[in-house]
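Below is one structure, written out as structure tokens; the observations come after it.
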Amino acid sequence: MKKLFSIILILVLICTSVTIVYGGDNYITVRDVVNRLDKVAGSYNPQYTKEKLLSSSSFVLDEDVTKAQCYYLISRAFDNFPQLQGDCLANAPSKVTYYDMPMWAGNEIGKMISCGLVDNDGSGAFYPLQNVTEKEFDTILQRVYRLYGTNNKDDFYSYVNHNELLEDNSDKLEDTGNVNTIDEAQKHNVEMFNDIVNECIDGSWEKGSKESAIQNLYLTIQDFKTRNEQGVEPIKPFLDQLSQVKDDSQLNAFVEDYTKKTSMPAFVNFSLAPQPNDEGKYGLYFDCYVPLMYISVSQNPDELERYKKYITDMFELAGESNKKALEDAENVLNVEKLLSSDIIANGDSEFMETVEADGFDDSSNIMEKLYKSYDLDVIDSKFKTLDLKAIVKAFGYDENLPLIIWDMNRVNKLSELFNGEHSQELASLQKAYMISIGGMYLSQDFYDLYDNFLMDIYGTDQSVLDQNMAPRTFISNQMSIYISQIFCQKYFDKSKKEQVIKIAENLRDTFRERLKNNRWLSGTTKIKAIEKLDNMDLQVGYPDNWRCYLDYADIKSPEEGGTYYSNMLEINRAIVKGAIDFSKNYDVKDMWEVQPYDVNAYYVAEKNRMIIPAGICYALSSDSPESNYATIGTVIAHEMVHAFDTQGAMYDKDGNLTDWWSAVDYSNFKEQCKKVEKFYDGYESATGIETSGQLTLNENIADIGAMACALDTVAKLGNVDYDKFFTAYGKLFFNTSTRQYLSLLSVMDQHSYGSVRVKRTLSNFQKFYDTYGINEYNGMYVKPEERVNIW
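Residue 807, in my numbering, is where the sequence shown stops; the numbers in between run on with no holes.
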């Protein structure tokens, strides 16, 4: 009888079958579900027949399908699901149990639960009688396609990354929670960077070469015999000078002398850099001492006492008696308490006032609002007994440059102490600062004292300082500009840089054509958009003129009389000298703000600038033009399109925050953005973890626009292997994560998850459909009228 009923159902379905494309919010019927499964299940289950699907069930075809019925039918259609492993296992829902699961569906739905295909909302309720929308049904199928990962028409991302997604990455995930193509490339670049350091350390080099400077610094770091013999001697003249301070005039004389000899800060610091509101002009960024450690420990009496003991021990290690060390420690705590009172009570007051007044919305230029310009005379007048002009001259800077300050409250707080009443307290503070910072470059006992204190405060038995101060790590940071030059010479020479520039300019040409042909943008706005694109500054690989401040440093080996401390002073002096020289002799646009070996790319709206470092160019380079345009090409175009996302669109061709849109065009733009937001919103990266279309809007705009530009550009090459192109793009965003990490990304990361970036981006382009013969029954299909592309 059941078999006869199933045959009748099949005949009815055949006679009434229609093409159904899913994705809406309307409820679907049992008939809709069966018809769709009949089109797709056979690709995964060789034993599938419609008769088997409907056997043992008596569902009414034209009734809206319930949740229990829907999962039941999907389970029967696919039947033997793959074992849960790799990426799907890493981010599958855990402990999925329901108190209201109907007995008749329990076995079938249980199979799906064990394969991570059913979400757990924490309520314990399955809601078996709840009806299912088209979109919900499609989401469940997407989970199934992802689990299999064997059909490029249903889940292209899982197909091209199938083997990688099946791998057990549990060891890596335990450390980071996330493994992806870009991070792995960055690790590889760091390894090459470290190899360069090792080659420099172990080789024989010509005197004066970059390699010899790196080697010399390493040798002095490792020269513990000299370091331990000298102890505090390298800074003792300064400590003795401070111990003799009786009044503010002597303190002022010390600061001027110390600054002139070391280019190190004493209470105040000046850094020469472009002004935030005018990149073509320089200013002196003014900062003053902030007692960060005191602020951190002051609310905990035990930690405060440990901090006091550390300061006392530090002074004793520098040669002071216990009595004098205790006196100096008290002085330090007293003055740090005065300096930190407002910060502890109110937080970073000026910063918070700016945020509360303006927020961090897309229209806020935080740099311009936080950093304000002042004449040196105005600030100098606040410090009654500290001559700021003399200190500026001691650094070698021009006293006519404006001071750029981000928190005047800090400046006011420090200036109040220079009134003749805190001379010895301030002298003790400067001694503590010099020993604490300089001690890391002196004998091992100073280093160990500070490291043990940090380990105690942070509650760890692992070295805190070694994370950044271990010799090779420290050299990688301090000598990074030399190492970057060597990296680029070895792995990304001028010819490779020119190749990437050619790709970038080809993409710019294509984007210009697309802007000209844009149908929703009117003439006036279109002209300004093209002007902005044409005026966009392009930085590829590495600087044309390296701002190499290390060239000003004479870094000596131990045999030449160099020490760790003396070499660090040389580097510090070189930073100041290099900044002064660069400001006079080089175009500020040549200044790079990122490391050339970085595996990343950037668009800076305030400067209308794209930055494509050598690191990502090297990591993604290929002999195949298709692969190059799919990887580094889409990365470049992605940054290019950021100039026209909801944030970039607020800045003009010169990086000024200006409304250059017509009212009608901007209204149309916002409508286009709403479509993109809806297109991504709710799309899952893993079972039950949804994408926020609003959070990821700008990155999605850039992804889609980049693919449009890359496709149009690669088409001009002729005889294009589009499978190679799309496969390279799919592999670019390989990603595997724990469920906890993925959940965090879904609410914090402005990028869609790797799988979502690939699937949602590609499903907007007809060339993708044509390449793989994708039709309305495939998981990658989106109806033409629902596809989106702003640019």
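Quick reminder that beta carbons are idealized off the backbone N, C-alpha and C, glycines included.
Between the C-alpha atoms of residue i and residue j, what's the straight-line distance to the nearest angstrom?
i	j	result
P62	K68	12 Å
Q266	L442	11 Å
S59	Y175	14 Å
D391	V651	42 Å
T197	Y498	27 Å
A106	T777	25 Å
N533	F685	15 Å
P118	A141	11 Å
L673	M552	15 Å
G193	I648	26 Å
T476	A448	24 Å
N232	E249	21 Å
S22	L77	Caution applies to S22, whose pLDDT of 42 falls short of 50 and renders its modelled position unreliable; the value that the coordinates give is listed next. About 11 Å.
F367	K398	Confidence is the limiting factor: at F367 the pLDDT is only 44, short of 50, which leaves the residue's position unreliable, though a coordinate-based value still follows. The alpha-carbon atoms of F367 and K398 are separated by roughly 21 Å.
S762	G770	12 Å
C86	R162	18 Å
C564	D509	18 Å
Y88	C633	49 Å
M666	P292	17 Å
T278	S496	21 Å
F283	N435	14 Å
S139	N147	18 Å
Should residue i be counted as a contact of the ligand ADP given a C-beta to heavy atom distance under 7 Å?
i	result
V427	Absence of the ligand ADP is noted for the structure shown, with no ligands found whatsoever.
Looking at C-alpha atoms only, which residue of the options is the closest neighbour of residue i?
i	options	result
L857	S753, T674, V50, F75	This structure cannot speak to residue 857, because the chain is shown only from 17 to 807.
I90	D54, G789, Q663, P612	D54
E576	V804, A635, A229	A229
F598	Y298, L342, D786, T703	Y298
N714	K262, F695, S701, V604	F695
T155	A702, S259, E222, Q494	A702
V213	Q494, V351, L404	Q494
A57	D199, M471, G795	G795
G296	Y745, S73, G671, K690	G671
H654	Y88, H767, G102	H767
W676	Q688, F660, K690	F660
F254	D95, M450, E521, S225	M450
F469	S492, D414, D329	D329
H658	N588, L549, S640	L549
N880	N601, F411, W807	The structure shown does not extend to residue 880, since the chain spans only 17 to 807, so no value can be given for it.
V772	T707, N522, N425	T707
Quick check on DSSP: helix, strand or coil for residue i?
i	result
G671	coil
K400	coil
L445	helix
I311	helix
I251	helix
L419	strand
S431	helix
K388	strand
C304	strand
L53	helix
S74	coil
Q478	coil
T65	coil
Y785	helix
A545	helix
A121	helix
C216	helix
Y60	coil
C564	coil
Y466	helix
L778	helix
V692	helix
What are the residues that DSSP puts in a beta bridge with residue i?
i	result
R625	D553, V620
A289	G299
N194	S753
D80	T45
A282	V284
Indicate whether at least one CB of chain D lies closer than 8 Å to the CB of residue i.
i	result
S500	Of the protein chains in the structure, only one exists, and it is not chain D.
Practice problem: List in chain order: all unbroken alpha helix (DSSP H) runs of 4+ residues lying wholly within the region 485-513. | Solution: 487-494, 496-507
Quiz item: Of all the alpha helix (DSSP H) runs that stay within the bounds of the region 696-743, which reach a length of 4 or more residues?
Solution: 713-731
Quiz prompt | Contiguous alpha helix (DSSP H) assignments of at least 4 residues, all confined to the region 128-185 | solution = Whole alpha helix (DSSP H) segments, 4+ residues: 150-164, 172-176, 178-182.
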